[in-house]
Amino acid sequence: MTDVKILLVEDDKQTSNYIAKGLREHGHVVDQADNGRDGLYLATGEKYDVMVVDRMLPSMDGLSLVKAARTSNVRTPVLFLTTMGGIDDRVAGFDAGGDDYLVKPFAFAELLARVGALARRPPIVATTSLSVGDLEMDLLARTVTRAGKRIELLAQEFKILEYLLRHAGEVVTRTMLLEKVWDFHFDPKTNIVETHISRLRSKIEKGFGRPLLHTVRGAGYVIRSPE
Amino acid sequence: MSSVRPNSTLGRILRSASFRLTLFYAALFIASAGALFATVYVTATAAMQNDMAAVLRSEAFQLAEVHSRIGLSGLAQQIARRMNFRSRGPIFYLLQAPNGRVVVGNLPGMPPVNGVVDFVPKPDTPAPDADAENTKLTGFGLTLPDGSFLLVAQDAARLTDMQHAIVRAFAWAGGLTLLLAIAGGAVLANSFLRRIDAITRTNRAIMEGDLSARIPVRGTQDEIDQLIASLNAMLGRIQQLMDGLRQVSSDIAHDLRTPLGRLRQHLEDARERAKTTADYDAATEAAIEEADELLETFSALLRIAQVEAGAQKSAFAELDLSALARSIGEAYQPAAEDSDHALDIKIEESVSFTGDRQLLAQMISNLVENALRHTPAGSTVSLALNRRAAGFTIEVSDNGPGIPEAERGKVFDRFYRLDRSRSTAGSGLGLALVKAIAGLHGLTIELVDRRPGLGVVVTGTLAR
Numbered sequence: 001m002t003d004v005k006i007l008l009v010e011d012d013k014q015t016s017n018y019i020a021k022g023l024r025e026h027g028h029v030v031d032q033a034d035n036g037r038d039g040l041y042l043a044t045g046e047k048y049d050v051m052v053v054d055r056m057l058p059s060m061d062g063l064s065l066v067k068a069a070r071t072s073n074v075r076t077p078v079l080f081l082t083t084m085g086g087i088d089d090r091v092a093g094f095d096a097g098g099d100d101y102l103v104k105p106f107a108f109a110e111l112l113a114r115v116g117a118l119a120r121r122p123p124i125v126a127t128t129s130l131s132v133g134d135l136e137m138d139l140l141a142r143t144v145t146r147a148g149k150r151i152e153l154l155a156q157e158f159k160i161l162e163y164l165l166r167h168a169g170e171v172v173t174r175t176m177l178l179e180k181v182w183d184f185h186f187d188p189k190t191n192i193v194e195t196h197i198s199r200l201r202s203k204i205e206k207g208f209g210r211p212l213l214h215t216v217r218g219a220g221y222v223i224r225s226p227e
Numbered sequence: 001m002s003s004v005r006p007n008s009t010l011g012r013i014l015r016s017a018s019f020r021l022t023l024f025y026a027a028l029f030i031a032s033a034g035a036l037f038a039t040v041y042v043t044a045t046a047a048m049q050n051d052m053a054a055v056l057r058s059e060a061f062q063l064a065e066v067h068s069r070i071g072l073s074g075l076a077q078q079i080a081r082r083m084n085f086r087s088r089g090p091i092f093y094l095l096q097a098p099n100g101r102v103v104v105g106n107l108p109g110m111p112p113v114n115g116v117v118d119f120v121p122k123p124d125t126p127a128p129d130a131d132a133e134n135t136k137l138t139g140f141g142l143t144l145p146d147g148s149f150l151l152v153a154q155d156a157a158r159l160t161d162m163q164h165a166i167v168r169a170f171a172w173a174g175g176l177t178l179l180l181a182i183a184g185g186a187v188l189a190n191s192f193l194r195r196i197d198a199i200t201r202t203n204r205a206i207m208e209g210d211l212s213a214r215i216p217v218r219g220t221q222d223e224i225d226q227l228i229a230s231l232n233a234m235l236g237r238i239q240q241l242m243d244g245l246r247q248v249s250s251d252i253a254h255d256l257r258t259p260l261g262r263l264r265q266h267l268e269d270a271r272e273r274a275k276t277t278a279d280y281d282a283a284t285e286a287a288i289e290e291a292d293e294l295l296e297t298f299s300a301l302l303r304i305a306q307v308e309a310g311a312q313k314s315a316f317a318e319l320d321l322s323a324l325a326r327s328i329g330e331a332y333q334p335a336a337e338d339s340d341h342a343l344d345i346k347i348e349e350s351v352s353f354t355g356d357r358q359l360l361a362q363m364i365s366n367l368v369e370n371a372l373r374h375t376p377a378g379s380t381v382s383l384a385l386n387r388r389a390a391g392f393t394i395e396v397s398d399n400g401p402g403i404p405e406a407e408r409g410k411v412f413d414r415f416y417r418l419d420r421s422r423s424t425a426g427s428g429l430g431l432a433l434v435k436a437i438a439g440l441h442g443l444t445i446e447l448v449d450r451r452p453g454l455g456v457v458v459t460g461t462l463a464r
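Protein sequence lines correspond, in order, to chains A and B.
No gaps in the numbering here: position 202 of the first sequence is 202 in the working numbering, and each next residue is one more.
No gaps in the numbering here: position 328 of the second sequence is 328 in the working numbering, and each next residue is one more.
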């Protein structure tokens, strides 16, 4: 996952440098802007794969920046950074043309996973099946097989696996699964995701040899073919 | 405050708004009374003068008629008779021959004038009455056809007496009014000032820190009483909010000290004792966990505050509560099994409700989590959604140890944790958030004894 060109618009220098440093260490190219106007100038002038935009910015707030960029036909995926507690912030962010959001303060792994997911967003093509290695998912019949053998999954397990398969090879965080599978935009105290993953894992791996579903410590999960 | 004038009660009354208002009205009254006086005085005087002139004229013309009938000597006799017979107040007569000689009369001779004349008879002339000396007379003169002059006059004292009476009446009435106005104004101002003073005193007491001080009400239900009642109500609300704020800040200070202390411990551990990379990793991992817990607490507090402020209604939409509750139940199923709990899900289909999906999801999740966390292994937790005649109920119940009766009212307070729960993880904010979310959605929430165990019942009215 290299060569993703990212525009980072964040006014707090320390946060901005921390994020930029981390992203560069993972092989990404980062341009930084510390206010909305400069951010918009860069967003409309350069070609980026992902924009990471803070909601609160001097001279022009994040929402206006993204709205303006969208009217100038900039289609770059946007990840909003919002302050904690705001629930309506999320809705307002999507309305303005944002694609994802992350509540500050966040774990860096979370940001990295989300930037990766946005940069590599698969083209919206109607696929009827997904697969990794010998694991296959039929989206129409809603069936899963591994090495030709039928695996029975519960509805929520199916949704988790579908999301992992759509992002095969990428890290998917616990929070991303909570949002995409359950539409939970809060952090439950109970290890909902872990328990579901462990059941899913035993269903798709027990008796099949090579593992597919891996836990990335401190970040999340990734599904990839054993080869 | 003027330094010249001492801050005496009198001084305050004189300077008070109500006293000044009273004075203003008194002045206004006196001005209008003055205008009334002038009108009455002028009209009454004119009317009386006209009346007197008419009497004199008619007397003069009667006598002139006598003269034309029976001549000068006959008239003289007639006048002499009339001088002795007074039926209409003192009337003075003068009849002069054409050569100026006084024929008859009780007035001194004078050059002839026609019409109404005001004059003072010379002091040496004989007057009809002793007290009539020097009095002003009003007369009516008439030159008769043969050249003789006739004057009929009347004492003007009636007029001046009336004028004096009017002046006296108005002076008394005006003076009395002014006196009453000043006294009344002073009494009014004093009572007003006392009530204002009560407000000021309470105000000072509150500023000095006694938030429970209230302004005394007189019970007359007048507008000042109403003002005081609404001020007191405002003070009550402010005190309530302040108490809440104080409670929250002391709760925050108290409840955040522990995780902050642990965070510090982990960092200190890393500095003092860590020898290997693994030691460092473990210490930082633990520190991050503590920091996350702190952030989570802050986030929950902010969320409660936002929900309580009612700022979240923008995300309200019609939603399938049955599907939401089922998906939450299923989400917790594996976790419940892992902690050796049975999670029993009983959902009635197609119950819809208008609300914030995220918040309702969090509310139900918190209730389920709470039940799972505070019941021992082997317990059964059930999540039920039931349709009711006018709405629905969501019940999360368990067969665990329950909550002592005395503590039930407090479990929805921020940071409240049962003593036996102190050791388990959790911020003590879960149920406070549940209560806030229920409040935002107009749902009622109650704790029900399920013997054994406890149920939390959320009741809502269906949107129609």
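Ideal Cβ positions, reconstructed from N, Cα and C, are used throughout, including at glycine.
At a cut-off of 9 Å between beta carbons, residue 310 of chain B makes no contact with chain A.
Contacts with chain B at 9 Å (Cβ-Cβ) include residue 189 of chain A. Residue 218 of chain A counts as exposed, since fewer than 16 other beta carbons sit within 10 angstroms of its beta carbon. Assigned with DSSP and collapsed to three states, residue 346 of chain B falls in strand. DSSP, reduced to helix, strand and coil, places residue 93 of chain B within a strand of the structure shown. Against chain A, a Cβ distance below 9 Å from residue 361 of chain B picks out 182, 183, 184, 185 and 186. The beta carbon of residue 154 of chain A falls within 9 Å of a beta carbon belonging to chain B, placing the residue at that interface.
Among the CB atoms of chain A, none fall inside 9 Å of the CB of residue 233 of chain B. Proximity of the stretch 33-47 of chain B to the stretch 204-220 of chain B falls short of the contact definition, fewer than three beta-carbon pairs being nearer than 8 Å. Beta-carbon to beta-carbon, residue 149 of chain B and residue 137 of chain B are separated by about 16 Å, too far to satisfy the 8 Å threshold.
Listed along chain A is no residue with a C-beta nearer than 8 Å to that of residue 322 of chain B; the closest approach is about 15 Å.
Within the stretch 104-139 of chain A, the complete alpha helix (DSSP H) segments of 4 residues or longer fall at 108-119, listed in chain order. Scanning B:265, B:16, B:439 and B:230 for the CA closest to the CA of residue 355 of chain B turns up B:439. Residue 76 of chain A is positioned such that its CB atom lies no closer than 9 Å to that of residue 115 of chain A.
In this chain, the alpha helix (DSSP H) harbouring residue 365 of chain B covers 357-373. Residue 32 of chain B and residue 47 of chain B have their C-alpha atoms some 22 Å from each other.
Counting along the chain, residue 50 of chain A sits inside no alpha helix (DSSP H); it lies in the beta strand (DSSP E) bounded by residues 50-54.
Cβ neighbours of residue 83 of chain B within its own chain (closer than 7 Å, five residues either side excluded): 93 and 106. Counting C-beta pairs closer than 8 Å gives three or more between the stretch 292-304 of chain B and the stretch 432-450 of chain B, which meets the contact rule. B:51 is the residue among B:51, B:271, B:244 and B:407 whose C-alpha sits nearest the C-alpha of residue 156 of chain B. For the options A:190, A:164, A:9 and A:211, the alpha carbon positioned closest to that of residue 113 of chain A is the one of A:164. Per DSSP, the unbroken alpha helix (DSSP H) holding residue 203 of chain A starts and ends at 192-205. As DSSP reads the structure, residue 83 of chain A sits in a beta bridge with A:104. Runs of the alpha helix (DSSP H) lying entirely within the stretch 290-347 of chain B, each at least 4 residues long, are 321-338 in chain order. Taking one beta carbon from each stretch, the stretch 318-336 of chain B and the stretch 382-399 of chain B have 3 or more pairs nearer than 8 Å; the two touch. At a Cβ-Cβ threshold of 9 Å, residue 116 of chain B and residue 56 of chain B count as neighbours.
Membership of residue 18 of chain B in any beta strand (DSSP E) is not indicated; the residue belongs instead to the alpha helix (DSSP H) covering 17-84. Between the C-alpha atoms of residue 300 of chain B and residue 243 of chain B there is a straight-line separation of about 20 Å. Setting aside the 5 residues that flank it on each side, residue 76 of chain B is surrounded in the same chain by 95, 103 and 104, each with a C-beta closer than 8 Å to its C-beta; the list follows chain order.
Interface annotation for the stretch 326-357 of chain B against chain A: 327, 328, 330, 331, 332, 333, 334, 335, 336, 337, 338, 339, 356 and 357, criterion Cβ-Cβ distance under 9 Å. Note on geometry: alpha-carbon atoms of residue 205 of chain B and residue 189 of chain A lie some 47 Å from one another.
Under DSSP, the beta-bridge partners assigned to residue 154 of chain B are B:91 and B:138. The continuous alpha helix (DSSP H) containing residue 239 of chain B extends over residues 223-272. Residue 96 of chain A is positioned such that its CB atom lies closer than 9 Å to that of residue 70 of chain A. Judged by DSSP secondary structure, residue 208 of chain A falls outside any alpha helix (DSSP H); it is assigned neither H nor E. The C-beta of residue 172 of chain B has fewer than 16 other C-beta atoms within 10 Å across all chains shown, which makes the residue exposed.
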